[in-house]
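Numbering (our numbering), first residue to last: 293 to 493.
Even glycine gets a Cβ: it sits at the ideal position worked out from N, Cα and C.
This report concerns only the one structure given below.
In C-alpha coordinates:
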(Lines of atoms letter the chains of each structure in order from A and count residues from 1; the text may use other names and numbers.)
(Lines give C-alpha, C1' and ligand atoms only; values in the text may rest on other atoms or scores of the structure.)
Protein backbone atom coordinates (compact mmCIF):
# COMPACT_ATOMS: atom_id res chain seq x y z
CA UNK A 1 0.00 0.00 0.00
CA UNK A 2 1.39 3.41 -1.04
CA UNK A 3 2.30 5.87 1.63
CA UNK A 4 -0.13 8.86 1.55
CA UNK A 5 2.89 11.18 1.95
CA UNK A 6 4.54 9.68 -1.17
CA UNK A 7 1.28 10.01 -3.11
CA UNK A 8 0.94 13.66 -2.14
CA UNK A 9 4.58 14.30 -3.14
CA UNK A 10 3.95 12.63 -6.53
CA UNK A 11 0.88 14.78 -7.10
CA UNK A 12 2.81 17.93 -6.23
CA UNK A 13 5.60 16.87 -8.61
CA UNK A 14 3.07 16.21 -11.36
CA UNK A 15 1.47 19.63 -10.87
CA UNK A 16 4.88 21.35 -11.01
CA UNK A 17 5.75 19.47 -14.20
CA UNK A 18 2.44 20.43 -15.85
CA UNK A 19 2.91 24.05 -14.80
CA UNK A 20 6.43 24.17 -16.29
CA UNK A 21 5.20 22.48 -19.48
CA UNK A 22 2.39 25.03 -19.78
CA UNK A 23 4.83 27.94 -19.37
CA UNK A 24 6.84 26.68 -22.36
CA UNK A 25 3.84 25.59 -24.44
CA UNK A 26 1.72 28.73 -24.11
CA UNK A 27 3.91 31.05 -26.25
CA UNK A 28 4.03 28.42 -29.01
CA UNK A 29 0.26 27.95 -28.84
CA UNK A 30 -0.32 31.71 -28.82
CA UNK A 31 1.94 32.15 -31.88
CA UNK A 32 0.13 29.36 -33.71
CA UNK A 33 -3.27 30.88 -32.94
CA UNK A 34 -2.12 34.35 -33.99
CA UNK A 35 -0.68 33.09 -37.28
CA UNK A 36 -3.49 30.74 -38.30
CA UNK A 37 -6.62 31.93 -36.47
CA UNK A 38 -6.06 35.71 -36.37
CA UNK A 39 -3.76 36.62 -39.30
CA UNK A 40 -5.24 40.14 -39.47
CA UNK A 41 -3.65 40.90 -36.09
CA UNK A 42 -0.13 40.44 -37.49
CA UNK A 43 1.44 43.82 -38.34
CA UNK A 44 2.06 44.29 -42.06
CA UNK A 45 5.33 46.16 -41.49
CA UNK A 46 8.60 44.24 -41.51
CA UNK A 47 11.57 45.12 -39.34
CA UNK A 48 13.88 45.90 -42.24
CA UNK A 49 13.95 49.52 -43.41
CA UNK A 50 14.92 48.92 -47.04
CA UNK A 51 12.95 47.18 -49.77
CA UNK A 52 13.55 43.43 -49.76
CA UNK A 53 14.40 42.06 -53.21
CA UNK A 54 12.31 38.91 -53.63
CA UNK A 55 13.55 36.54 -54.77
CA UNK A 56 17.18 37.51 -54.26
CA UNK A 57 19.08 38.01 -57.52
CA UNK A 58 22.45 36.24 -57.92
CA UNK A 59 25.31 38.55 -58.92
CA UNK A 60 28.19 36.06 -59.15
CA UNK A 61 28.13 35.84 -62.96
CA UNK A 62 28.10 39.59 -63.55
CA UNK A 63 31.07 40.72 -65.70
CA UNK A 64 32.38 43.25 -63.18
CA UNK A 65 36.05 44.23 -63.47
CA UNK A 66 38.54 46.21 -61.42
CA UNK A 67 41.11 48.68 -62.75
CA UNK A 68 43.37 45.84 -63.90
CA UNK A 69 40.60 44.32 -66.01
CA UNK A 70 40.32 41.28 -63.76
CA UNK A 71 36.80 39.95 -63.14
CA UNK A 72 35.56 40.58 -59.61
CA UNK A 73 32.71 38.94 -57.72
CA UNK A 74 30.60 40.50 -54.99
CA UNK A 75 31.17 37.65 -52.55
CA UNK A 76 32.79 36.81 -49.18
CA UNK A 77 31.64 40.03 -47.52
CA UNK A 78 28.49 42.10 -47.37
CA UNK A 79 28.60 44.69 -50.18
CA UNK A 80 26.93 48.09 -50.12
CA UNK A 81 26.67 49.06 -53.79
CA UNK A 82 26.24 52.48 -55.41
CA UNK A 83 25.96 53.12 -59.16
CA UNK A 84 27.30 56.24 -60.88
CA UNK A 85 27.71 57.55 -64.41
CA UNK A 86 31.49 57.71 -64.02
CA UNK A 87 32.32 61.22 -62.83
CA UNK A 88 31.00 60.94 -59.23
CA UNK A 89 29.19 64.24 -59.01
CA UNK A 90 27.36 65.80 -56.06
CA UNK A 91 24.89 62.97 -55.34
CA UNK A 92 27.57 60.30 -55.65
CA UNK A 93 29.92 62.26 -53.35
CA UNK A 94 27.17 62.67 -50.73
CA UNK A 95 26.29 58.97 -50.77
CA UNK A 96 29.94 57.94 -50.53
CA UNK A 97 30.44 60.24 -47.55
CA UNK A 98 27.32 58.83 -45.85
CA UNK A 99 28.34 55.20 -46.44
CA UNK A 100 31.90 55.91 -45.26
CA UNK A 101 30.62 57.34 -41.97
CA UNK A 102 28.14 54.50 -41.60
CA UNK A 103 30.88 51.89 -42.11
CA UNK A 104 33.08 53.55 -39.49
CA UNK A 105 30.27 53.34 -36.91
CA UNK A 106 30.30 49.55 -37.26
CA UNK A 107 33.62 49.55 -35.34
CA UNK A 108 35.11 46.03 -35.27
CA UNK A 109 32.46 44.79 -37.71
CA UNK A 110 33.35 47.30 -40.44
CA UNK A 111 35.75 44.90 -42.16
CA UNK A 112 32.73 42.71 -42.94
CA UNK A 113 31.21 45.42 -45.16
CA UNK A 114 32.60 46.45 -48.54
CA UNK A 115 31.61 49.71 -50.21
CA UNK A 116 31.38 49.29 -53.98
CA UNK A 117 31.00 51.92 -56.68
CA UNK A 118 29.92 50.48 -60.05
CA UNK A 119 30.49 52.61 -63.14
CA UNK A 120 29.57 52.12 -66.82
CA UNK A 121 31.76 50.72 -69.61
CA UNK A 122 34.40 53.14 -70.85
CA UNK A 123 34.86 54.88 -67.49
CA UNK A 124 38.45 55.80 -66.62
CA UNK A 125 38.72 53.91 -63.31
CA UNK A 126 42.28 55.13 -62.70
CA UNK A 127 41.06 58.75 -62.86
CA UNK A 128 38.24 57.94 -60.44
CA UNK A 129 40.70 56.36 -58.01
CA UNK A 130 42.85 59.50 -58.24
CA UNK A 131 39.76 61.58 -57.43
CA UNK A 132 38.38 59.42 -54.60
CA UNK A 133 41.16 57.42 -52.97
CA UNK A 134 42.27 60.10 -50.52
CA UNK A 135 38.79 60.35 -48.95
CA UNK A 136 37.72 56.76 -49.60
CA UNK A 137 40.72 54.42 -49.44
CA UNK A 138 38.50 51.39 -48.76
CA UNK A 139 36.19 51.98 -51.75
CA UNK A 140 36.12 49.33 -54.49
CA UNK A 141 35.47 50.80 -57.95
CA UNK A 142 34.23 48.28 -60.49
CA UNK A 143 33.45 48.53 -64.19
CA UNK A 144 30.08 47.21 -65.40
CA UNK A 145 31.60 45.89 -68.62
CA UNK A 146 28.43 44.76 -70.38
CA UNK A 147 25.83 46.78 -68.52
CA UNK A 148 24.40 43.61 -66.95
CA UNK A 149 24.87 44.87 -63.39
CA UNK A 150 22.86 48.02 -64.11
CA UNK A 151 20.06 45.89 -65.55
CA UNK A 152 20.09 43.45 -62.63
CA UNK A 153 20.09 46.08 -59.89
CA UNK A 154 17.60 48.39 -61.60
CA UNK A 155 13.82 48.03 -61.42
CA UNK A 156 12.52 45.88 -64.30
CA UNK A 157 15.81 46.12 -66.17
CA UNK A 158 15.98 49.95 -66.04
CA UNK A 159 19.14 51.57 -64.65
CA UNK A 160 19.23 51.96 -60.84
CA UNK A 161 17.92 55.29 -59.59
CA UNK A 162 20.61 57.91 -58.99
CA UNK A 163 21.63 57.85 -55.34
CA UNK A 164 19.99 54.51 -54.57
CA UNK A 165 21.94 51.96 -52.51
CA UNK A 166 21.92 48.20 -52.85
CA UNK A 167 22.93 45.46 -50.40
CA UNK A 168 24.49 42.18 -51.56
CA UNK A 169 25.02 39.28 -49.15
CA UNK A 170 28.34 37.39 -48.83
CA UNK A 171 27.09 34.59 -51.11
CA UNK A 172 26.58 37.15 -53.87
CA UNK A 173 22.80 37.58 -53.77
CA UNK A 174 21.32 41.04 -54.26
CA UNK A 175 18.78 41.21 -51.45
CA UNK A 176 17.96 44.77 -50.34
CA UNK A 177 17.34 48.09 -52.08
CA UNK A 178 17.37 51.59 -50.55
CA UNK A 179 15.74 54.49 -52.38
CA UNK A 180 17.58 57.75 -53.21
CA UNK A 181 17.77 60.04 -50.18
CA UNK A 182 17.52 57.15 -47.75
CA UNK A 183 18.86 58.15 -44.33
CA UNK A 184 21.97 56.59 -42.79
CA UNK A 185 20.59 55.49 -39.42
CA UNK A 186 17.83 53.14 -40.66
CA UNK A 187 20.31 51.66 -43.15
CA UNK A 188 22.84 51.18 -40.37
CA UNK A 189 20.25 49.38 -38.23
CA UNK A 190 19.52 46.96 -41.06
CA UNK A 191 23.22 46.25 -41.59
CA UNK A 192 23.96 45.81 -37.88
CA UNK A 193 21.08 43.36 -37.54
CA UNK A 194 22.24 41.38 -40.58
CA UNK A 195 25.86 41.25 -39.35
CA UNK A 196 24.72 40.02 -35.95
CA UNK A 197 22.51 37.32 -37.45
CA UNK A 198 24.92 36.20 -40.16
CA UNK A 199 27.64 33.63 -39.57
CA UNK A 200 29.26 34.34 -42.93
CA UNK A 201 30.96 37.34 -44.44
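In the DSSP assignment, find the beta strand (DSSP E) that holds residue i and state where it starts and stops.
| i | result |
| --- | --- |
| residue 366 | From DSSP, residue 366 is part of no beta strand (DSSP E); its letter is neither H nor E. |
| residue 433 | 432 to 436 |
Roughly how many whole angstroms lie between the Cα atoms of residue i and residue j?
| i | j | result |
| --- | --- | --- |
| residue 398 | residue 386 | 19 Å |
| residue 376 | residue 315 | 55 Å |
| residue 400 | residue 475 | 22 Å |
| residue 455 | residue 308 | 60 Å |
| residue 426 | residue 349 | 33 Å |
Does the beta-carbon of residue i have 16 or more other beta-carbons within 10 angstroms, so that it is buried, or is it exposed?
| i | result |
| --- | --- |
| residue 490 | exposed |
| residue 352 | exposed |
| residue 410 | buried |
| residue 391 | buried |
| residue 311 | exposed |
Confirm, please, whether the CB-CB distance from residue j to residue i is below 8 Å.
| i | j | result |
| --- | --- | --- |
| residue 466 | residue 435 | no |
| residue 407 | residue 430 | yes |
| residue 488 | residue 343 | no |
| residue 359 | residue 421 | yes |
| residue 341 | residue 459 | no |
| residue 367 | residue 452 | no |
For residue i, verify whether its CB is less than 7 Å away from any heavy atom of the ligand MG.
| i | result |
| --- | --- |
| residue 370 | Here there are no bound small molecules, and the ligand MG is not part of this structure. |
Which residue wins for smallest C-alpha separation from residue i, given the options the options?
| i | options | result |
| --- | --- | --- |
| residue 472 | 373, 356, 354, 346 | 373 |
| residue 412 | 438, 425, 344 | 438 |
| residue 383 | 457, 301, 486, 480 | 457 |
| residue 402 | 486, 420, 303 | 486 |
| residue 394 | 357, 350, 477, 447 | 477 |
| residue 464 | 381, 302, 364, 300 | 364 |
Starting from residue i, trace the alpha helix (DSSP H) both ways and give me its first and last residue.
| i | result |
| --- | --- |
| residue 491 | Note, residue 491: premise wrong, no alpha helix (DSSP H); not H, not E. |
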